[in-house]
Amino acid sequence: MSKERFKTLVIAILIVAIVSMSVVYALLSQTLNINTSAKVVKSNSWNVFFDSTSISEPTLVGYAEVEEGKELQISGTTTLQNLEVTLKAPGDSVTYTFEVKNTGAIDAKISTVELPNLANATYQSANNVTSDINLVKQYLRYSLTYASDEAETSYRGKALATDDTLSKNSSRKLKLTISYDSSATDIPSEAVTVSGLNARVNYVQY
Amino acid sequence: MGEKTKNALIALLIIGLVSMTIAYAALTQQLQINAGAKVLNKSATWDIHFANVVAGTPVGYASISQGKSLTGTGTTTLSGLEVTLKAPGDSLSYTFDVVNNGSINAKINTNGVSIPNIANLTVTGSEGDVAIVKSNLEYSLVYATGDVNAGQTPAAGDTLAAGQSRKLKLTISYKSNATSLPSNDVTVSGINAHIDYVQDSPSN
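These protein sequence lines map, in sequence, to chains A and B. For any residue, its number in this note's numbering is found by taking its place in the first sequence, counting from 1, and adding 205. For any residue, its number in this note's numbering is found by taking its place in the second sequence, counting from 1, and adding 32.
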């Protein structure tokens, strides 16, 4: 073999060796892929909401008031908000009724009910007098139940609870009451504003 | 090619080969400690793939779209799945094994796990529908029940020894506390995950 051909052969072998080692090294890793997609079907199959037309006028007991513009209002279809009540004496109360409807194609039930924790609500007064705030904490009442004229008689007056059903094409009439306990022997010396009285009812498929 | 050029090229290639050999030897030094194994031993194999792909029981009204189940047993890519979700709480899961059928221990590479973030995917539909779906569609890829890391997402450094398999669980769901669904059907494609395995040190 001539010197020229020998050198050419050496170059070829070295190139093959380098390429081979690169290939061997590259093989020692592996990417595993998981490729998926999802389709979320439009809402006519699931539609649980507050019926805005069902919100009643407030029922006021005693000296209770709802200031104009502070009535219970609907936001979107699943949130009731804006309510601000004024209570002046023991036994005062404000009550609203409204309906939650299921117009979807799937039966629903309650999975969780979160009622406001009055102890953790925000209490404020002009001078933040502790005794006044403690008084309101002691006697303010919040209630969310089925209305007394709810179609399902076994639910009438009952507090909302886990596993309560709401079948498709049906509705439940609910009652919200905020009151100052009639057994209270005192009222605060100055107005106490309570905020954060928020409740949440979660419906899931049944 | 001139004489000098060829000499220079040979020298360069030899340096390259020696450098790669040194680099490669450094990478495989631990193999040699364990068994004195030859890196290029033809009996060493590298084979990581998916196996035992099994659909779980759908929750609620969830279903697998017609003809669109997850497939890919024996390969390195699972694909084809389209899940249909109709109501809050719907979910569908699959379990499958990641199998190391080779003779080299493996581990998940640094930054070797990519889990899709639904919020960052391209979803076609009205603005409102897209927002609803993005905020309520959920994706989970974790080790399945029975694995030492059950419930945890695969992570860099997780090992897969030669001959070992680990079971993973993929779940696509619609939040149970969702308050709304889109007004029109919304398809979310490109929900892709990948896991990169690289060689691990030999077992002691």
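Backbone N, C-alpha and C fix where the C-beta goes; we use that ideal spot for every residue, glycine too.
**Request:** Would you please verify whether the beta carbon of A:A243 is less than 7 Å from any beta carbon of chain B?
**Result:** Here residue 243 of chain A refers to the residue found at position 38 when the first sequence is read from its first residue. Yes, A:A243 counts as interfacial toward chain B.
**Message:** Using a Cβ-Cβ cutoff of less than 7 Å, which residues in the same chain neighbour B:I140 once the five nearest sequence positions on both sides are dropped?
**Reply:** Working through the second sequence from its first residue, we reach residue 140 of chain B at position 108. Correct list, in chain order: P186, A187, A188, G189, D190, I227, D228 and Y229.
**Message:** To the nearest angstrom, how far is the alpha carbon of B:K100 from that of A:Y360?
**Reply:** Working through the second sequence from its first residue, we reach residue 100 of chain B at position 68. Working through the first sequence from its first residue, we reach residue 360 of chain A at position 155. Taking the straight line joining both Cα atoms gives about 44 Å.
**Asked** Which of helix, strand or coil does DSSP assign to A:D337?
**Response** By 1-based counting over the first sequence, the position of residue 337 of chain A is 132. In this structure, A:D337 counts as helix in the three-state DSSP scheme.
**Prompt:** Beta-carbon of B:A151 versus every beta-carbon of chain A: anything under 7 Å?
**Reply:** For the purposes of this step, residue 151 of chain B is identified with residue 119 of the second sequence, where counting begins at 1. Residue-level contact by beta carbon fails for B:A151 and chain A, as no gap is shorter than 7 Å.
**Asked** How about B:Q117: is its C-beta nearer than 7 Å to some C-beta of chain A?
**Response** Reading the second sequence from its first residue, position 85 is the one you call residue 117 of chain B. The displayed chain sequence assigns Leu, not Gln, to residue 117 of chain B. At least one chain A Cβ lies under 7 Å of B:L117.
**Message:** So, for B:D160: in the same chain, excluding its five sequence neighbours on each side, which residues have a beta-carbon less than 8 Å away from its beta-carbon?
**Reply:** Position 128 of the second sequence, counted from the first residue, corresponds to residue 160 of chain B. A small correction: the amino acid at residue 160 of chain B is Gly; Asp does not occupy that position in the sequence shown. Correct list, in chain order: P214 and S215.
**Prompt:** At a cut-off of 6 Å, is B:T185 close to the ligand GTP when judged by its beta-carbon and the heavy atoms of the ligand?
**Reply:** In the structure on display, the ligand GTP does not appear, and there are no ligands present to speak of.
**Asked** According to a CB-to-CB cut-off of less than 7 Å, which residues of the stretch 245-266 of chain A neighbour chain B?
**Response** V245, V246, K247, S248, S250 and W251
**Message:** Please report whether the beta-carbon of B:A57 lies at a distance below 7 Å from any beta-carbon of chain A.
**Reply:** Within the second sequence, the letter at position 25 stands for residue 57 of chain B. Its pLDDT being 40, under 50, B:A57 is placed unreliably in this model, and the value from its coordinates should be taken loosely. Not an interface residue.
**Asked** Does DSSP classify A:N238 as helix, strand or coil?
**Response** Here residue 238 of chain A is taken as the residue at index 33 of the first sequence, counted from 1. Residue state, collapsed to three classes: strand.
**Message:** Check this for me: beta carbons of A:P321 and A:N407, under 7 Å apart or not?
**Reply:** In the first sequence, residue 321 of chain A corresponds to position 116, counting from 1. In the first sequence, residue 407 of chain A corresponds to position 202, counting from 1. Going by C-beta atoms, A:P321 is not nearer than 7 Å to A:N407.
**Request:** Could you please tell me which residues of the stretch 396-410 of chain A, in chain order, have their CB closer than 7 Å to any CB of chain B?
**Result:** Going along the stretch 396-410 of chain A in chain order, one finds N407, V409 and Q410 with a Cβ nearer than 7 Å to chain B.
**Request:** Have a look at B:V91, B:Y126, B:T127 and B:S146 and flag the residue whose alpha-carbon is nearest the alpha-carbon of A:T236.
**Result:** Here residue 236 of chain A refers to the residue found at position 31 when the first sequence is read from its first residue. Nearest of B:V91, B:Y126, B:T127 and B:S146 to A:T236, Cα basis: B:S146.
**Message:** Would A:N240 pass as an interface residue toward chain B - the criterion being a Cβ-Cβ separation below 7 Å?
**Reply:** The residue labelled residue 240 of chain A in the question sits at position 35 within the first sequence. Chain B has a Cβ within less than 7 Å of the Cβ of A:N240.
**Message:** To the nearest angstrom, how far is the alpha carbon of B:L110 from that of A:S234?
**Reply:** One-based indexing of the second sequence puts residue 110 of chain B at position 78. One-based indexing of the first sequence puts residue 234 of chain A at position 29. The alpha-carbon separation between B:L110 and A:S234 amounts to approximately 18 Å.
**Request:** Would you kindly work out how many angstroms separate the C-alpha atoms of A:K242 and B:S221, rounded to a whole number?
**Result:** Indexing the first sequence from 1 puts residue 242 of chain A at position 37. Indexing the second sequence from 1 puts residue 221 of chain B at position 189. According to the sequence displayed, residue 242 of chain A carries Ser and not Lys. Rounded to the nearest whole angstrom, the CA to CA distance from A:S242 to B:S221 is 4 Å.
**Asked** Mind checking if B:E114 is an interface residue toward chain A, Cβ cutoff 7 Å exclusive?
**Response** Indexing the second sequence from 1 puts residue 114 of chain B at position 82. With 7 Å as the cut-off, B:E114 counts as an interface residue toward chain A.
**Asked** If you drop the 5 nearest sequence neighbours on each side, which residues of the same chain put their C-beta closer than 7 Å to that of B:K207?
**Response** Reading the second sequence from its first residue, position 175 is the one you call residue 207 of chain B. Within the same chain, B:K207 has close Cβ partners P120, N168 and E170.
**Message:** For A:S372, which residues in the same chain have their Cβ closer than 7 Å to its Cβ, ignoring the five residues on either side in sequence?
**Reply:** In the first sequence, residue 372 of chain A corresponds to position 167, counting from 1. So the list reads N307 and D312, once near-sequence residues are dropped.
**Message:** For a cutoff of 7 Å on Cβ pairs, would you count A:S234 as touching chain B?
**Reply:** The count along the first sequence starts at 1 and reaches residue 234 of chain A at position 29. Chain B, which has a Cβ nearer than 7 Å to the Cβ of A:S234, makes this yes.
**Any C-beta of chain A under 7 Å from that of B:Q184** = Taking the second sequence and counting its residues from 1, the one referred to as residue 184 of chain B is at position 152. Not an interface residue.
**Item:** Chain-ordered neighbours of A:I279 on chain B, where CB pairs are closer than 7 Å
**Value:** Reading the first sequence from its first residue, position 74 is the one you call residue 279 of chain A. Result: empty, since nearest Cβ-Cβ is about 13 Å, beyond 7 Å.
**Prompt:** Does the beta carbon of B:S233 sit closer than 7 Å to a beta carbon anywhere in chain A?
**Reply:** As a working note, residue 233 of chain B is residue 201 in the second sequence. No, because no Cβ of chain A sits closer than 7 Å to the Cβ of B:S233.
**Request:** Compare the C-beta of A:T291 with all C-beta atoms of chain B and state if any pair is closer than 7 Å.
**Result:** Along the first sequence, one-based indexing puts residue 291 of chain A at 86. No, no contact with chain B.
**Prompt:** Would you say A:Y328 and A:V271 are within 7 Å of each other, going by their C-beta atoms?
**Reply:** For this step, residue 328 of chain A is matched to residue 123 along the first sequence. For this step, residue 271 of chain A is matched to residue 66 along the first sequence. No, these two residues do not count as a Cβ contact at 7 Å.
**Asked** Roughly how many angstroms lie between the CA atoms of B:A87 and A:L340, to the nearest whole one?
**Response** In the second sequence, counting from the first residue as 1, residue 87 of chain B sits at position 55. In the first sequence, counting from the first residue as 1, residue 340 of chain A sits at position 135. Approximately 58 Å, taken between the alpha carbons.
**Request:** Determine the closest residue to A:S336 out of A:T358, A:D256 and A:S394, with distance taken between C-alpha atoms.
**Result:** Locating residue 336 of chain A in the first sequence gives position 131, counting from the first residue. Cα-wise, what sits closest to A:S336 is A:S394.
**Message:** Please return the same chain residues whose Cβ sits closer than 6 Å to the Cβ of A:P267, not counting the five positions on each side in sequence.
**Reply:** Start at 1 with the first residue of the first sequence, and residue 267 of chain A comes out as number 62. As written in the sequence, residue 267 of chain A is Gly, which differs from the Pro given in the question. Only A294, G296 and D297 meet the Cβ criterion.
**Prompt:** Is any beta-carbon of chain B found at less than 7 Å from that of A:L381?
**Reply:** In the first sequence, the residue the question calls residue 381 of chain A occupies position 176. False, the Cβ-Cβ gap to chain B never drops below 7 Å.
**Asked** Considering B:N224, what are the terminal residues of the alpha helix (DSSP H) in which it resides?
**Response** Sequence index remark: in the second sequence, residue 224 of chain B carries index 192 (1-based). It is not in any alpha helix (DSSP H) - B:N224 instead sits in the beta strand (DSSP E) that spans V218 to Q231.
**Request:** With a threshold of 16 other CB atoms inside 10 Å of the CB of A:N374, please say whether the residue is buried or exposed.
**Result:** Locating residue 374 of chain A in the first sequence gives position 169, where the first residue counts as 1. With fewer than 16 Cβ atoms within 10 Å of its Cβ, A:N374 is classed as exposed.
**Message:** Helix, strand or coil, according to DSSP, for A:L381 in the structure here?
**Reply:** Taking the first residue of the first sequence as position 1, residue 381 of chain A is located at position 176. In the structure shown, A:L381 sits in a strand (DSSP, three-state: E or B).
**Request:** Answer with buried or exposed for B:D232, where buried requires no fewer than 16 other C-beta atoms within 10 angstroms of its C-beta.
**Result:** Translated into the one-based positions of the second sequence, residue 232 of chain B becomes position 200. By the 10 Å Cβ count, B:D232 comes out buried.
**Asked** Can you tell which of A:T382, A:N240 and A:S250 has its C-alpha closest to the C-alpha of A:A176?
**Response** One cannot answer for residue 176 of chain A here, as it falls past the ends of chain A, which runs 206 to 411.
**Message:** Please classify A:E319 as buried or exposed, where buried requires at least 16 neighbouring CB atoms within 10 angstroms.
**Reply:** Counted from its first residue, the first sequence places residue 319 of chain A at position 114. Counting Cβ neighbours within 10 Å, A:E319 comes out exposed, since fewer than 16 surround it.
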